[in-house]
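**Student:** Protein chains in written order, with the working numbering: chain A, 1 to 372; chain B, 1 to 372. Here it is, the structure in full.
Number of protein chains: 2
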Amino acid sequence: MKKKQWGSLVMAAVFLCCLAGCATVKPGDENAMVIREQGSFSAGGTVMETGGTYVSQNFNNWQPYPAGQTYHGDHASVFYQIPETPRALAMAFLHGAGQSARSWQTTPDGRDGFQNIFLKRGFSTYLIDQPRRGQAGRSTVEAAITPVADEQMWFEIWRMGHWSGGSPRYAEGVQFPKDENSLEQFFRWMTPNTGGFDAALIARATASVFEKSGDGILLTHSQGGLPGWMAALETSKIAAVVSYEPGNYLFPEGEVPDSLPSRTGALRGVGIPMVEFMKLTRIPIAIYFGDYIPEADEISDDLGAENWRVRLELGRRFVDTINTYGGNAVMVELPKIGIYGNTHFLFAELNNLELADHLSVWMNENGLDKRD
Amino acid sequence: MKKKQWGSLVMAAVFLCCLAGCATVKPGDENAMVIREQGSFSAGGTVMETGGTYVSQNFNNWQPYPAGQTYHGDHASVFYQIPETPRALAMAFLHGAGQSARSWQTTPDGRDGFQNIFLKRGFSTYLIDQPRRGQAGRSTVEAAITPVADEQMWFEIWRMGHWSGGSPRYAEGVQFPKDENSLEQFFRWMTPNTGGFDAALIARATASVFEKSGDGILLTHSQGGLPGWMAALETSKIAAVVSYEPGNYLFPEGEVPDSLPSRTGALRGVGIPMVEFMKLTRIPIAIYFGDYIPEADEISDDLGAENWRVRLELGRRFVDTINTYGGNAVMVELPKIGIYGNTHFLFAELNNLELADHLSVWMNENGLDKRD
């Protein structure tokens, strides 16, 4: 590129940045990102100490000699970016089962994920690898990593469609990109647990992220849903929770709905003391569910439909319970507002800008997108 | 902040960005980063397929039923950022043992790492989690994750100092930050292998990163050194290699130096055919080593000194061999140019801007920082 050209391009980009930085929400802006600060840190976690005395300069050919040594583990690992003129509330993102921060980055077909979209809309973003996952792999408990072929099961559980004759059969009208390269990139997002899933531990580490970010909005996905609700009990710095197809929910003790039978396993909410539950009535909460989910009582032969039918239904009851106690929760069932074809990875699909726009409107209505 | 103020602040930042974007190298600029594009992708890897036929909608309560299913693994995971007006060559970063992309992000004391420093100097950056590490955790081989307390050993192996009486005793004049929080953050960078270390596999995945980035400079650290040299044999898109304290080296078959005895284990280079070795003579190569390393024949009681004494010495012979065959390699021993106190994590220490400046000068001298 010639030197004369880039100068005017930079100024044009700068003009667009100014628009994104100071004007009202402009959904879909694809201008450059002006970042004041970015980096990584660990949040939460524990320290194991082995008894005995450390012998300095112990030569033993790299064999473990833990006496007197420490091991830091069970923290979350976070990558954050702060734009030039950030909004008052940050956005922190917690992935689901078998996933990492990558869920929120580039979409399978190579477009901006929620990280970039909301950075461009002026939010500081904090992407979490939960304890015992991804770059936060140091676990205080043992684990076995076993490569077991399972991607066709996930494809179906996550409602992309069915798999037969060795090929994907995408659901009609699906928003997941249908090309081979996108599916390959998507499958490679998966990364294993390096220690058992522990919702309470993840909740504490997630709450600790907000000590660094300051007040913010927590976005969760799938298995991240339950520790996300629990994190909101741990800190008042979580100003709102947005959950994409959470796997489970909290209820006041004594008000946990009866177990919902499903062919992928019965689902039962988690009971907590009322004084704890009431904390969830003091912040705005939004839950999103995608397409291809039957009604609550329609037992199905479809793996994905069967898994999410009960989680959607229990989510409705969670929202009702929060609102009964004076809270502000909303359940957004996308097909009911005319948005069709979304799978379990709704925020990363072809219409993710439309979903981001819906979220931006909700955040605006709830005063969550203020400048200061 | 008032609306009038931020406008002028943005313009001031924009002015600084323009300086960084178009002017010559300005070491130490701490202005904002203007990013045209950023995201993540997977590079390299393989696909395992289990024999048999996948039974769509197989309900078995989440137990594995791999028949007819696939498993994508052994890829690298990469986070990349492209500034507004990038230089012609990208920079890709490969971590060392027990580490991830986090090595190159924020320093232990919370300042800009090489990711931000070189992004601000106009380079596109590609940060790699190697296959079977961090966010690239899906491994095609089994592994056991075992929490063993070992941090005091690493503290000594990496030459921060010694550990005695339950406390760190930092080396005199060390560039590693001495506060407790920095050490805690640093220890939490570590993340385990989720499958055996395989240099050839890592080399292929690293080479694949350059298919996406285009021609670029590969920076490696420690255990990443050997697969880094191997990656440069795999693709002509690697235009230069910079290695921080590499663990091992390649030599022409028949010219591998005799094994160098060390109390942390004997070190021997890896022999490759001369036609392969000659590829390393066609690109600029720089190797950096820090402080606290004795001369080659000074057998030591110090764990760190003993481990790096032989790796530095073999590095000198590697550089000599490359240059004997007409190459362009340089060994930078920091104390010999008046830069003292660096440990094995030299690029992330208090004087990392000084080290970045030295690298910028070398890149400039070798024509690696051109605009187009």
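No residue lacks a Cβ here, since even glycine has one placed at the ideal position from N, Cα and C.
For the putative contact between ILE272 (chain A) and LEU89 (chain A), defined by C-beta atoms under 8 Å, what is the C-beta separation to the nearest angstrom?
**Tutor:** In the first sequence, residue 272 (chain A) corresponds to position 272, counting from 1. In the first sequence, residue 89 (chain A) corresponds to position 89, counting from 1. The pair is not a contact, with the Cβ atoms about 25 Å apart (cut-off 8 Å).
**Student:** Rounded to whole angstroms, what's the CA-CA distance from ALA239 (chain B) to SER124 (chain B)? Just pull it up for me.
**Tutor:** To locate residue 239 (chain B), count along the second sequence from 1; it is residue 239. To locate residue 124 (chain B), count along the second sequence from 1; it is residue 124. Rounded to the nearest angstrom, the two C-alpha atoms are 14 Å apart.
**Student:** Can you confirm whether ARG102 (chain B), when its beta carbon is compared against all beta carbons of chain A, has any partner nearer than 7 Å?
**Tutor:** Here the question's residue 102 (chain B) lines up with position 102 in the second sequence. Yes - at least one Cβ of chain A is within 7 Å of the one on ARG102 (chain B).
**Student:** So, is PRO261 (chain B) buried or exposed, given that buried needs 16 or more other C-beta atoms within 10 angstroms?
**Tutor:** Position 261 of the second sequence, counted from the first residue, corresponds to residue 261 (chain B). So PRO261 (chain B) counts as exposed.
**Student:** So, at 6 Å on beta carbons, what are the nonlocal neighbours of GLY225 (chain B) in its own chain, with the 5 sequence-adjacent residues on each side left out?
**Tutor:** Position 225 of the second sequence, counted from the start, is the residue given in the question as residue 225 (chain B). These residues qualify, in order along the chain: SER243, PRO246 and GLY247.
**Student:** Looking at the secondary structure, which residues open and close the beta strand (DSSP E) in which THR46 (chain A) lies?
**Tutor:** Position 46 of the first sequence, counted from the first residue, corresponds to residue 46 (chain A). From DSSP, the beta strand (DSSP E) with THR46 (chain A) extends over 46-49.
**Student:** Under a Cβ-count criterion, where at least 16 other Cβ atoms within 10 Å of its own Cβ denotes burial, should TRP62 (chain A) be classed as buried or exposed?
**Tutor:** The residue given as residue 62 (chain A) occupies position 62 in the first sequence. The residue is exposed, with fewer than 16 neighbouring Cβ atoms inside 10 Å.
**Student:** Give the residues of chain A in contact with TYR71 (chain B), contact being defined as C-beta atoms less than 8 Å apart.
**Tutor:** Within the second sequence, residue 71 (chain B) is the residue found at index 71, counting from 1. Going along chain A in sequence order, the residues near TYR71 (chain B) (Cβ under 8 Å) are PRO147, VAL148, ALA149, ASP150 and GLU151.
**Student:** By a C-beta neighbour count over all protein chains shown, 10 Å radius and 16 as the cutoff for buried, is PRO64 (chain A) buried or exposed?
**Tutor:** Taking the first sequence and counting its residues from 1, the one referred to as residue 64 (chain A) is at position 64. With fewer than 16 Cβ atoms within 10 Å of its Cβ, PRO64 (chain A) is classed as exposed.
**Student:** Select from A:ASP179, A:PHE118, A:GLY195 and A:MET274 the residue whose C-alpha is nearest the C-alpha of LEU233 (chain A).
**Tutor:** Along the first sequence, one-based indexing puts residue 233 (chain A) at 233. LEU233 (chain A) has its Cα closest to that of A:MET274, out of A:ASP179, A:PHE118, A:GLY195 and A:MET274.
**Student:** Cβ of PRO108 (chain A) within 7 Å of Cβ of GLN185 (chain A)?
**Tutor:** For this step, residue 108 (chain A) is matched to residue 108 along the first sequence. For this step, residue 185 (chain A) is matched to residue 185 along the first sequence. It is a contact, given that the beta carbons lie within the stated cut-off.
**Student:** Closest by CA to ASN116 (chain A), which one among B:SER164, B:ILE35 and B:HIS344?
**Tutor:** Against the first sequence, residue 116 (chain A) aligns to sequence position 116. Among B:SER164, B:ILE35 and B:HIS344, the Cα nearest to that of ASN116 (chain A) is on B:ILE35.
**Student:** Kindly give me the distance between the Cβ atoms of THR191 (chain A) and ARG133 (chain A), rounded to whole angstroms, as I take these residues to be in contact under 8 Å.
**Tutor:** Residue mapping note: residue 191 (chain A) aligns to position 191 of the first sequence, counting from 1. Residue mapping note: residue 133 (chain A) aligns to position 133 of the first sequence, counting from 1. With a Cβ gap of about 7 Å, THR191 (chain A) and ARG133 (chain A) count as contacting.
**Student:** If distances are taken between C-alpha atoms only, which option among B:GLY122, B:PHE187, B:ALA143 and B:LEU312 comes closest to ALA149 (chain B)?
**Tutor:** Taking the first residue of the second sequence as position 1, residue 149 (chain B) is located at position 149. Checking every option, the nearest Cα to that of ALA149 (chain B) belongs to B:PHE187.
**Student:** Thinking C-beta only, is GLN69 (chain A) closer than 7 Å to THR53 (chain A)?
**Tutor:** Numbered from 1 along the first sequence, position 53 holds the residue referred to as residue 53 (chain A). Numbered from 1 along the first sequence, position 69 holds the residue referred to as residue 69 (chain A). It is not a contact, given that the beta carbons lie outside the stated cut-off.
**Student:** With a threshold of 6 Å on Cβ separation, who are the neighbours of ARG263 (chain A) within its own chain once the five nearest residues in sequence on each side are excluded?
**Tutor:** Counting from 1 along the first sequence, the entry for residue 263 (chain A) is found at position 263. Around ARG263 (chain A): GLU306.
**Student:** Per DSSP, what kind of secondary structure is LYS279 (chain B) in: helix, strand or coil?
**Tutor:** Position 279 of the second sequence, counting from 1, holds the residue named residue 279 (chain B). In this structure, LYS279 (chain B) counts as helix in the three-state DSSP scheme.
**Student:** With H, G and I counted as helix, E and B as strand and the rest as coil, what does DSSP make of THR53 (chain B)?
**Tutor:** For the purposes of this step, residue 53 (chain B) is taken as residue 53 along the second sequence, with counting starting at 1. Looking at THR53 (chain B) - three-state DSSP - the assignment turns out to be coil, as it is neither helix nor strand.
**Student:** Which of the residues in the region 224-256 of chain A, read from start to end, lie with their CB under 7 Å from any CB of chain B?
**Tutor:** Correct list: empty, as no residue qualifies.
**Student:** Pick helix, strand or coil for ALA348 (chain A), following the three-state DSSP scheme.
**Tutor:** Position 348 of the first sequence holds residue 348 (chain A). Helix, per DSSP.
**Student:** Counting only beta-carbon atoms, is ARG188 (chain B) nearer than 7 Å to chain A?
**Tutor:** Residue mapping note: residue 188 (chain B) aligns to position 188 of the second sequence, counting from 1. So yes, ARG188 (chain B) belongs to the interface.
**Student:** Can you tell me the Cα-Cα spacing of PHE373 (chain B) and ALA144 (chain A), whole angstroms?
**Tutor:** Residue 373 (chain B) is absent from the model: chain B starts at 1 and stops at 372.
**Student:** Give me the DSSP bridge partner(s) of VAL78 (chain A).
**Tutor:** Numbered from 1 along the first sequence, position 78 holds the residue referred to as residue 78 (chain A). According to DSSP, VAL78 (chain A) bridges with A:PHE41 and A:ILE128.
**Student:** Checking contacts by CB at 7 Å: is TYR54 (chain A) closer than that to chain B?
**Tutor:** Here residue 54 (chain A) refers to the residue found at position 54 of the first sequence. True, the Cβ-Cβ gap to chain B drops below 7 Å.
**Student:** Classify ARG371 (chain A): buried if its beta carbon has 16 or more other beta carbons within 10 angstroms, exposed otherwise.
**Tutor:** In the first sequence, the residue the question calls residue 371 (chain A) occupies position 371. Classification for ARG371 (chain A): exposed.
**Student:** Going along chain A in order, which residues have a C-beta closer than 9 Å to the C-beta of LEU314 (chain B)?
**Tutor:** Position 314 of the second sequence, counted from the start, is the residue given in the question as residue 314 (chain B). The premise fails here: LEU314 (chain B) is roughly 18 Å from chain A at the closest Cβ pair, so nothing lies under 9 Å.
**Student:** On the DSSP bridge list, what partners appear for TRP163 (chain A)?
**Tutor:** In the first sequence, the residue the question calls residue 163 (chain A) occupies position 163. Paired residues: A:PRO168.
**Student:** For the beta strand (DSSP E) containing MET331 (chain A), list its first residue and its last residue.
**Tutor:** Residue numbering aside, residue 331 (chain A) sits at position 331 when the first sequence is read from its first letter. Start and end: 328-333.
**Student:** Which of the three DSSP states is assigned to HIS358 (chain A) in this structure?
**Tutor:** Position 358 of the first sequence, counting from 1, holds the residue named residue 358 (chain A). Here HIS358 (chain A) sits in helix by DSSP.
**Student:** Smallest Cα separation from GLU333 (chain A): which of A:ALA171, A:TYR249, A:TRP308 and A:SER213?
**Tutor:** To locate residue 333 (chain A), count along the first sequence from 1; it is residue 333. Answer by Cα proximity: A:TRP308.
**Student:** Using the beta-carbon count (16 or more within 10 Å), is GLU298 (chain B) buried or exposed?
**Tutor:** Stepping through the second sequence from its first residue, residue 298 (chain B) is reached at position 298. The residue is exposed, with fewer than 16 neighbouring Cβ atoms inside 10 Å.
**Student:** Quick one, which of B:MET363, B:LYS279, B:ALA199 and B:GLY110 has its alpha-carbon nearest ILE287 (chain B)'s?
**Tutor:** Against the second sequence, residue 287 (chain B) aligns to sequence position 287. Checked all of B:MET363, B:LYS279, B:ALA199 and B:GLY110; the closest Cα to ILE287 (chain B) is B:MET363.
**Student:** Beta-carbon separation of PRO257 (chain A) and ARG317 (chain A) under 7 Å?
**Tutor:** Indexing the first sequence from 1 puts residue 257 (chain A) at position 257. Indexing the first sequence from 1 puts residue 317 (chain A) at position 317. Against a cut-off of 7 Å, the Cβ pair of ARG317 (chain A) and PRO257 (chain A) comes out as a contact.
**Student:** Between ASN352 (chain A) and ARG311 (chain B), what straight-line distance do the alpha-carbon atoms span, to the nearest angstrom?
**Tutor:** In the first sequence, residue 352 (chain A) corresponds to position 352, counting from 1. In the second sequence, residue 311 (chain B) corresponds to position 311, counting from 1. Between ASN352 (chain A) and ARG311 (chain B), the C-alpha separation is close to 50 Å.
**Student:** Measuring alpha carbon to alpha carbon, tell me which of B:GLU156, B:GLU349, B:ALA231 and B:MET33 ends up nearest PRO83 (chain B).
**Tutor:** By 1-based counting over the second sequence, the position of residue 83 (chain B) is 83. Of the listed residues, the one whose Cα sits closest to PRO83 (chain B) is B:MET33.
**Student:** Roughly how many angstroms separate the alpha carbons of GLN130 (chain B) and PHE118 (chain B), rounded to a whole number?
**Tutor:** Taking the second sequence and counting its residues from 1, one reaches residue 130 (chain B) at position 130. Taking the second sequence and counting its residues from 1, one reaches residue 118 (chain B) at position 118. Cα to Cα, the separation comes out at about 21 Å.
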